[in-house]
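Chemist: Dumping the structure here so I can ask a few things about it.
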Amino acid sequence: MSTDLLPSETKPTASSVSEGKYLTFNLADETYGVGVLEVREIIRHQVITPVAKVPHYIRGIINLRGKIIPVIDLGLRFGLGAIEETNQTCIIVVQYNTKNQPDRLAGLMVKGVREVTQISSDDIEQAPDFGDGVSLQFVKGMAKGKSGVCTLLHIQSIIGPSTLESTF
2 MSTDLLPSET
12 KPTASSVSEG
22 KYLTFNLADE
32 TYGVGVLEVR
42 EIIRHQVITP
52 VAKVPHYIRG
62 IINLRGKIIP
72 VIDLGLRFGL
82 GAIEETNQTC
92 IIVVQYNTKN
102 QPDRLAGLMV
112 KGVREVTQIS
122 SDDIEQAPDF
132 GDGVSLQFVK
142 GMAKGKSGVC
152 TLLHIQSIIG
162 PSTLESTF
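Here you go:
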């Protein structure tokens, strides 16, 4: 698996993951979360226009109220297989920054949204060490909750400079 981090970027540690509200969602029967401050909106799945010569996990683009935004299939991005399009499938529109342009938008296609939940710093731990060859570049931390473990994601690593900035 290739890394999308620039040499100057580092993977966040659990201590750098702040408590707060997180939007949780499903992928391959597991729960993931992103900070609500990174989420612009959640939209129902819609027709995605394919784009030639983009990485396999970029489904294409959508026109969101006059803005063209790329859509990443998180299942494909994480090597879990393509997201099956159902009535629960949705696109989480997130905001991220680049060196040249702040406040860019991208869509993350997910199996379904669960809820917005408050996570305290006491419930967040660093991802366990799985040994050599296992990349955790997308993981900010792991949150323990009543319904199990939620993997907290690092949006900047998912989108990354080599994913969208060079493509779009």
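Here the numbering used here runs 1 ahead of the position in the sequence shown, where the first position is 1. We put the CB at the ideal spot given by N, CA and C, even for glycine. Since this is a predicted model, take the numbers as computed values, not measurements.
Note down, one range per segment and in chain order, each alpha helix (DSSP H) of at least 4 residues found wholly within the region 110 to 147.
Modeler: Listed in chain order, there is nothing to give.
Chemist: From which residue to which residue does the alpha helix (DSSP H) around residue 60 run?
Modeler: Counting from one through the sequence shown, the residue named residue 60 turns up at place 59. Here residue 60 belongs to no alpha helix (DSSP H); instead the beta strand (DSSP E) covers 59 to 65.
Chemist: So is residue 168 buried or exposed if we call it buried at 16+ other beta carbons inside 10 Å?
Modeler: In the sequence shown, counting from the first residue as 1, residue 168 sits at position 167. For residue 168, the predicted model reports a pLDDT of 49, less than 50, meaning its position is unreliable; a value from the coordinates is still stated below. Exposed, because fewer than 16 other Cβ atoms sit within 10 Å of the Cβ of residue 168.
Chemist: If you draw a straight line from the alpha carbon of residue 142 to that of residue 77, how long is it in whole angstroms?
Modeler: By one-based count along the sequence shown, residue 142 stands at place 141. By one-based count along the sequence shown, residue 77 stands at place 76. So the two alpha carbons sit approximately 21 Å from each other.
Chemist: Just the C-alpha distance for residue 145 and residue 157, rounded to the nearest angstrom, thanks.
Modeler: In the sequence shown, residue 145 corresponds to position 144, counting from 1. In the sequence shown, residue 157 corresponds to position 156, counting from 1. Near 23 Å, if we compare the C-alpha coordinates of residue 157 and residue 145.
Chemist: With residue 76 as the anchor, note down where its alpha helix (DSSP H) starts and where it stops.
Modeler: Walking along the sequence shown from the start, residue 76 turns up at place 75. It spans 75 to 78 - the alpha helix (DSSP H) in which residue 76 sits, taken as one unbroken run.
Chemist: Given a cut-off of 8 Å, decide if residue 70 and residue 108 are closer than it, judged by their beta-carbon atoms.
Modeler: For this step, residue 108 is matched to residue 107 along the sequence shown. For this step, residue 70 is matched to residue 69 along the sequence shown. It is a contact, given that the beta carbons lie within the stated cut-off.
Chemist: Give the range of the beta strand (DSSP E) segment to which residue 44 is assigned.
Modeler: Here residue 44 refers to the residue found at position 43 when the sequence shown is read from its first residue. Counting along the chain, the beta strand (DSSP E) containing residue 44 begins and ends at 40 to 45.
Chemist: Opposite residue 96 in the DSSP bridges: which residues?
Modeler: The residue you call residue 96 lines up with position 95 of the sequence shown. Answer by DSSP bridge pairing, in chain order: 106.
Chemist: So with Cβ pairs under 8 Å, would you call residue 24 a contact of chain D?
Modeler: Chain labels in this structure do not include chain D; a single protein chain is all it has.
Chemist: With DSSP collapsed to three states, give me the class of residue 37.
Modeler: Locating residue 37 in the sequence shown gives position 36, counting from the first residue. Helix at residue 37.
Chemist: Mapping the DSSP letters down to three states, classify residue 84 as helix, strand or coil.
Modeler: Taking the first residue of the sequence shown as position 1, residue 84 is located at position 83. Residue 84 falls in the coil class under three-state DSSP.
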